[in-house]
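In this note's numbering, the protein residues as written are 603 to 1056.
Glycine included, every Cβ here is placed at the ideal spot set by N, Cα and C.
As structure tokens, the structure follows; a few thoughts come after it.
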């Protein structure tokens, strides 16, 4: 049966395959799990088209849906029909696709998916838009492309930056590289890119004298110089703050570290890179032992694979598959890195399906989970030890509100100040909120550093 379904799927046109993928995302599956299978099912000449159509439609999903809602008289409940309408609108308003193909092939797609009952509606709506594309293009760009609940929450949390956020979150994210300092400096790797004619810019991450590389040319990541040998990784510039904040602590000892919720291990790898390159040694400190904790065995395997590619010493790294809300170590840790689970609203540009998958109810549930993990990690922290709390969320409920509530019940917890210096890194009473306000900004991350007074 699976073979028959695969065979039938292979007979669909590219637009039908994109519609089927969008329907599955609306039903709760993630873009990460569906993108490669989609691209593997389309012809080589259509891969770029399918990629742009899928991700572009997701980025503009809610703005496109509002256009559709304004033109439809009766409610449409079929998720596949909505997906087809949105990809048709995206082609007409954002792509160079000829109108006849955008309309005709999209109508054909719903027929191929046995949703012919939606063909007339889609044809009628797309032809209305085709007659006056400038009017609808202006309308679609006016505000934002977020679900109403999230737009309302961002406006409440970040009213001053709301308009900029609304526009920035519907754009593709820039690509930043983290150079493995075990092998070379950022400047040396930049020279290699220059020699190979790959466009880039050196940019600050907001910490004094620390720069990273932003790619300005489109290139497959695996084609980057020395990628297979572990000289470089892709990591958002705001994600790169984690290891440098910890390096600034200047602890005069060998450190035991708990990296909670570690997968896929980018922040851990960065910390180990700095340690092995001696960049981490502000005084005599080094990392003596790390427990990398995650509740997902498959994701833990990815951590090990990433560390292996980067040629990092794993002798002092112990991978532990346990629940972070209940994990108890035999000894307490000098440093805990808690990359807390969150709604991931700060990385919508990279994962535009998040705007479809998350609900308002998820915020409260996630905040409750964070609170449980934070409290348990705190029990595993040694006296005078440090806990770095991180999320890739922009919602205060998951960030500074979470920390305020924690501090109110843990009098031994002390806020530790550190300094960031970019316009989009906003100092709060507790920690910093990074916001993706412009095209070249990093993602939306939150950082707070606490010390457990002994």
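Hey, would you say residue i sits closer than 8 Å to residue j, going by beta carbons?
i           : j            : result
residue 991 : residue 1009 : no
residue 890 : residue 857  : yes
residue 662 : residue 772  : yes
residue 752 : residue 768  : no
residue 978 : residue 928  : yes
residue 579 : residue 1019 : In the structure displayed, the chain extends from 603 to 1056; residue 579 sits before or after that span and is not available.
residue 972 : residue 942  : yes
residue 961 : residue 1000 : no
residue 812 : residue 711  : no
residue 742 : residue 669  : yes
residue 874 : residue 935  : no
residue 807 : residue 814  : yes
residue 737 : residue 778  : no
residue 837 : residue 801  : no
Pop quiz: residue i and residue j are said to be a contact at Cβ under 8 Å. What is the actual Cβ separation, rounded to whole angstroms?
i            : j            : result
residue 914  : residue 871  : 6 Å
residue 701  : residue 694  : 7 Å
residue 1049 : residue 809  : At roughly 11 Å, the Cβ-Cβ gap does not stay under 8 Å, so residue 1049 and residue 809 are not in contact.
residue 985  : residue 1056 : 3 Å
residue 924  : residue 897  : 7 Å
residue 707  : residue 615  : 6 Å
residue 766  : residue 1039 : 5 Å
residue 689  : residue 659  : 5 Å
residue 640  : residue 619  : 6 Å
Here's the rule: buried if 16 or more other CB atoms are within 10 angstroms of the residue's CB, otherwise exposed. What is residue i?
i            : result
residue 902  : buried
residue 782  : buried
residue 819  : exposed
residue 804  : exposed
residue 625  : buried
residue 851  : buried
residue 1062 : In this structure the chain extends from 603 to 1056, so residue 1062 is not present and cannot be described.
residue 716  : exposed
residue 1043 : buried
residue 933  : exposed
Note down the Cα distance separating residue i from residue j, rounded to an integer number of angstroms.
i            : j            : result
residue 617  : residue 678  : 20 Å
residue 651  : residue 876  : 40 Å
residue 853  : residue 770  : 39 Å
residue 861  : residue 764  : 33 Å
residue 841  : residue 1029 : 17 Å
residue 981  : residue 799  : 51 Å
residue 988  : residue 790  : 33 Å
residue 916  : residue 908  : 11 Å
residue 1059 : residue 705  : For residue 1059 there is no data in the structure shown, the boundaries of the chain being 603 and 1056.
residue 760  : residue 629  : 30 Å
residue 864  : residue 994  : 14 Å
residue 784  : residue 834  : 10 Å
residue 1051 : residue 656  : 38 Å
residue 795  : residue 775  : 21 Å
residue 732  : residue 720  : 18 Å
residue 653  : residue 1053 : 45 Å
residue 969  : residue 644  : 40 Å
residue 1005 : residue 888  : 28 Å
Minimum length 4: unbroken alpha helix (DSSP H) runs contained in the stretch 1007 to 1040: none
Scan the stretch 748 to 819 and note each continuous beta strand (DSSP E) run of 3 residues or more that stays entirely inside, going in chain order. 777 to 781, 802 to 806 and 813 to 817
Entirely within the stretch 683 to 739 and at least 4 residues each: give me those alpha helix (DSSP H) ranges in chain order. 701 to 714 and 721 to 733
Scan the stretch 819 to 880 and note each continuous alpha helix (DSSP H) run of 4 residues or more that stays entirely inside, going in chain order. 843 to 849 and 868 to 878
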